[in-house]
Amino acid sequence: VIPRYQKILFVVLLIASLAMGVVLWQLRERAHKRLVAGESSAPTRAPEVAPAEQATLVAANDADNSLVPQVHSLPLPADPGARARAVLGRLLDLYADPEATHPVPGGAASVTQVFLLPAPGDIQTRDPGAQLAVVNLAGNFAASHPSGLQTETLTLDSMCATLRANLPRVAEVRFLVDGQPRATLAGHADLTRTYLTAAAAPAEGIKP
Amino acid sequence: MALSKFATAVMIASAVAVAAAQQAPPAPAQRFVVVLDAAHGGDDSGGKLDSGQLEKTANLALSVRLRSLLGARGILVVTTRESDASVELNRRAEIANRANAGACLSLHTSESGSGVHLFASSLPPVPSTRFPAWKTAQAAWITRSLALAGVLNSALEHADLNVTLGRTALPGLDSMTCPALAVEIAPQRGEDNTITTEPDDADYQARVAASLAAAIVQWRTEGRQP
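Protein chains in written order, with my numbering: chain A, 1 to 208; chain B, 209 to 434.
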């Protein structure tokens with residue numbers, strides 16, 4: 001004979017089990033609905049396009065070893081790091097043209113990232129707002145860059161001068177390739193050095 | 209008595225020493241040494257020229273040519289390599305610094321640009337110190353290097369060669385404790401920017417080498433004083 005309290009306990013446990021089964025089924029349905037909703041969550045708003053602004057690109061010229069500032073209109077993001085990447089990308093787009101005064105293959109995709117950090121150095125002497133730009137270049141850009149003292153130097157100097165022209169707080173620049181330090185750009189120009197943007201600034205007038 | 213004898217002996221010895229010093233021949237002038245660094249070599253071939261030749265080979269050819277011209281003018285030349293050998297950048301600077309050279313030239317060739325490119329280090333000039341940092345040792349010599357660039361520029365232009373001057377960050381050159389320049393020979397180009405003479409052309413290299421040799425002879429006589 002089953003005692004009465006055991007019968008009651010059995011019925012309670014059975015009801016609890018059924019209730020839990022129902023709750024689990026409902027949770028599963030909700031999760032499924034969320035998943036389906038996520039899959040169909042196509043963008044409903046067009047991405048915001050940064051407004052076009054005037055940017056100064058300091059372009060190199062192999063013919064006379066010069067750096068010439070040129071004013072271009074291009075969309076510039078508000079974030080300084082993205083802005084730096086945008087201007088450098090546009091500069092390298094100019095160089096990717098076979099008829100360029102300083103032909104270098106690669107284009108905008110050659111600048112993978114630009115990080116802006118407080119500039120290191122002597123706290124007593126440095127400008128407190130000065131920034132160090134760490135420019136991460138793509139490996140195929142370095143691999144395909146023409147080899148030569150002048151052409152490599154002009155590429156680095158023009159990038160430094162372009163950063164200074166558009167982000168005046170950038171005082172120093174360091175270059176990485178695929179996130180790693182590299183001895184030279186293409187066998188000549190030193191990539192282990194910290195470049196001073198003031199030293200790369202051209203002395204000539206602006207060419208529109 | 210003994211004291212007066214000692215004083216007399218000291219006076220005589222001093223007089224003899226002074227006389228000997230006055231009669232001694234002047235110390236021989238330090239020999240003028242030029243260091244030629246043919247860039248790249250061995251596994252490091254440098255760039256590739258349109259003619260198919262590797263940069264390391266063209267650099268070595270220029271170094272050999274210039275060494276011969278300088279040697280014929282009685283200038284002692286030290287080279288960083290005489291064959292297709294791999295020489296580390298620090299080793300090149302060590303060779304130059306041990307030579308106590310009056311001029312150091314790092315020789316390059318390239319397809320980019322035109323004419324002859326003269327590059328001094330882009331390090332900012334600093335006063336000379338007894339123990340300079342290795343990677344920036346050239347900083348104390350920048351003023352002298354720029355003066356050497358002026359002399360070379362004049363000689364090359366005198367030979368109707370197109371010259372561009374610049375500053376660069378070149379490993380090896382930045383560690384040299386001598387008036388040091390990088391010389392890069394680029395093609396000669398016509399009006400429409402087409403190449404008329406390749407940088408490894410023998411006659412072209414000979415013209416450049418002759419101009420550099422003449423400039424270094426002038427530098428030896430004019431530019432040694434700091």
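Cβ atoms here follow ideal geometry from the backbone N, Cα and C, with glycine treated the same way. Note that the structure is a prediction, hence the values are computed from the model and not measured.
query	result
Contact check, ALA410 of chain B vs ALA363 of chain B, beta carbons under 9 Å	no
Of the residues B:THR405, B:ALA348, B:VAL242, B:GLY254, the one placed nearest VAL272 of chain B, counting alpha carbons only	B:VAL242
Counted within 10 angstroms of its Cβ, other Cβ atoms place VAL22 of chain A as buried (16 or more) or exposed	exposed
Residues near PRO407 of chain B by beta carbon distance below 8 Å, same chain, minus five either side	LEU257, ALA266, THR317, SER318, GLU319, ILE393, ALA394, PRO395, GLN413
Under 9 Å from the C-beta of ASN140 of chain A: neighbouring residues of chain B	Ordered by position in chain B, no residue passes the 9 Å Cβ test against ASN140 of chain A, which lies about 17 Å from the chain.
Beta-carbon proximity list for ARG182 of chain A, same chain, < 6 Å, skipping 5 on both sides	LEU191
Of the listed residues B:SER336, B:ALA341, B:LEU331, nearest to ALA377 of chain B (C-alpha basis)	B:LEU331
Nearest candidate by alpha-carbon position, reference VAL71 of chain A, set A:ASP64, A:ALA82, A:VAL87	A:VAL87
Contact residues within the segment 322 to 335 of chain B, judged by C-beta distance below 7 Å to chain A	SER322, HIS325, PHE327, SER330
Simplified DSSP state of HIS72 of chain A, which is helix, strand or coil	strand
Pair within 9 Å by beta-carbon distance, TRP342 of chain B and SER314 of chain B	no
Proximity below 9 Å, CB of ARG428 of chain B to CB of PHE240 of chain B	yes
Own chain residues within Cβ distance below 7 Å of GLY148 of chain A, not counting five before or after	HIS188
Beta-carbon neighbours of GLY254 of chain B, restricted to chain A and to distances below 7 Å	SER147, GLY187
Member of A:VAL12, A:ALA171, A:VAL68 whose CA lies at the smallest distance from the CA of ASN120 of chain A	Strictly speaking, residue 120 of chain A in this sequence is Pro, with Asn absent from that position. Checking every option, the nearest Cα to that of PRO120 of chain A belongs to A:ALA171.
DSSP bridge partner residues for PRO249 of chain B (one or two, in chain order)	Just to set this straight, residue 249 of chain B is Gly in the shown sequence, not Pro. B:ASP252.
Same chain, Cβ closer than 8 Å to GLY279 of chain B, neighbours up to 5 away in sequence not counted	VAL285
Interface residues of chain A facing THR385 of chain B [CB-CB closer than 8 Å]	The contacting residues do not exist; THR385 of chain B stays about 18 Å from chain A at best.
Cutoff 9 Å: PRO340 of chain B Cβ touching any chain A Cβ	no
Partner residues on chain B for THR151 of chain A, Cβ-Cβ distance less than 8 Å	SER318, SER320, GLY321
Closer than 7 Å at the beta carbon, the chain B residues around ASP182 of chain A	Correcting the residue type first, residue 182 of chain A is Arg in the shown sequence and not Asp. In chain order: nothing, as chain B lies at least about 12 Å away.
Chain-ordered neighbours of ARG164 of chain A on chain B, where CB pairs are closer than 8 Å	In chain order: nothing, as chain B lies at least about 15 Å away.
Residue-level contact to chain A via CB, THR288 of chain B, 9 Å cutoff	no
Test item: CB-CB of VAL425 of chain B and ILE283 of chain B under 9 Å	yes
Per DSSP, cross-strand counterpart(s) of ARG281 of chain B	Paired residues: none, contrary to the question.
Cutoff 9 Å: GLN230 of chain B Cβ touching any chain A Cβ	Note on GLN230 of chain B: pLDDT 47, under 50, position unreliable in the model; no value is reported.
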